[in-house]
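Chains as they are written, first to last, in this note's numbering: chain H, 91 to 145; chain Y, 120 to 309. Positions of the beta carbon are idealized from the N, C-alpha and C atoms, including for glycine. Just below is one structure, and these are the notes that go with it.
Here you go:
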């Protein structure tokens with residue numbers, strides 16, 4: 091069901107700007123990148139295997 | 120008075136934006152100026168469509184995280200960067216409605232409602248106003264979006280087309296049909 095709001099007060103430019111935080115966005119992006127990296131699990135395993143083989 | 124930019128200034132700004140995008144594609148830290156430029160517009164687009172302010176801030180944040188993730192795939196093909204962001208905002212909004220995290224809301228100014236009613240009936244009463252609001256609720260989602268963007272947000276057909284993924288002419292035709300539909304629902308219950 092759609093809700094209709096008449097003459098809704100919009101936050102001022104300053105209020106909106108106060109919510110801006112690029113560092114937070116960047117941190118979330120870098121975290122997502124890390125989580126989505128398929129090598130995340132294999133990296134340490136393959137390094138360990140290589141080390142073992144070398145030994 | 121709206122800021123009128125000459126064609127030369129517009130192309131200069133486009134070139135500058137293109138450079139900023141290319142830099143941000145190589146290093147996400149350079150996305151900051153684009154984020155600063157479009158945050159307000161994207162927030163207001165989202166805010167008018169959800170019932171809670173905090174939810175609007177959350178959705179706006181996820182729009183920019185998604186934009187950063189998809190930025191390497193972004194290519195200039197005549198579509199303005201802002202329209203690309205609005206498309207992401209639209210998709211995030213609908214995801215939020217599907218997850219029932221927020222409620223589909225339409226924010227309208229009373230003056231606009233009065234103008235429309237007076238244009239269609241020559242008079243204005245609270246009953247007519249209620250009838251128009253009720254008619255809006257009966258439109259299909261895409262029709263509602265077009266009416267919303269054109270009449271409540273005063274966007275150009277070019278911009279509407281860019282956001283909705285259709286040509287300017289198609290946006291014009293579909294908006295016209297949506298208004299006809301709204302008008303017929305409005306008069307049906309007379």
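Should residue 134(H) be counted as a contact of the ligand HEM given a C-beta to heavy atom distance under 8 Å?
The ligand HEM is not part of this structure, which contains no ligands at all.
Have a look at residue 248(Y) and residue 191(Y) and give me their C-alpha separation to the nearest angstrom.
Approximately 47 Å between the Cα atoms of the pair.
Report the residue ranges of all alpha helix (DSSP H) runs contained in full by the stretch 153-204 of chain Y; include only those spanning at least 4 residues, in chain order.
Complete alpha helix (DSSP H) runs here, min 4: 172-189.
Could you check what DSSP says for residue 120(Y) in three-state terms: helix, strand or coil?
Residue confidence for residue 120(Y) is low, a pLDDT of 42 falling below 50, so the modelled location carries little weight and cannot support an answer.
Name, please, each residue of chain Y whose Cβ falls closer than 7 Å to the Cβ of residue 137(H).
Near residue 137(H) there are no residues of chain Y at all, since even the closest Cβ is about 26 Å away, more than 7 Å.
Please list the partners that residue 215(Y) has in chain H, where partner means a Cβ-to-Cβ separation under 9 Å.
Chain H residues near residue 215(Y): none, gap ~14 Å exceeds 9 Å.
Report the neighbours of residue 227(Y) on chain H: residues whose CB is nearer than 7 Å to its CB, in chain order.
Correct list: 94 and 96.
Check the C-beta distance from residue 158(Y) over to residue 110(H) and give it rounded, since I have them as a contact under 8 Å.
Correct: roughly 5 Å between the Cβ atoms.
Would residue 266(Y) and residue 93(H) qualify as a contact pair, given that the criterion is a beta-carbon distance under 9 Å?
Against a cut-off of 9 Å, the Cβ pair of residue 93(H) and residue 266(Y) comes out as no contact.
Are the C-beta atoms of residue 101(H) and some chain Y residue less than 9 Å apart?
At least one chain Y Cβ lies under 9 Å of residue 101(H).
Among 259(Y), 274(Y) and 301(Y), which one has its Cα closest to the Cα of residue 290(Y)?
It is 274(Y).
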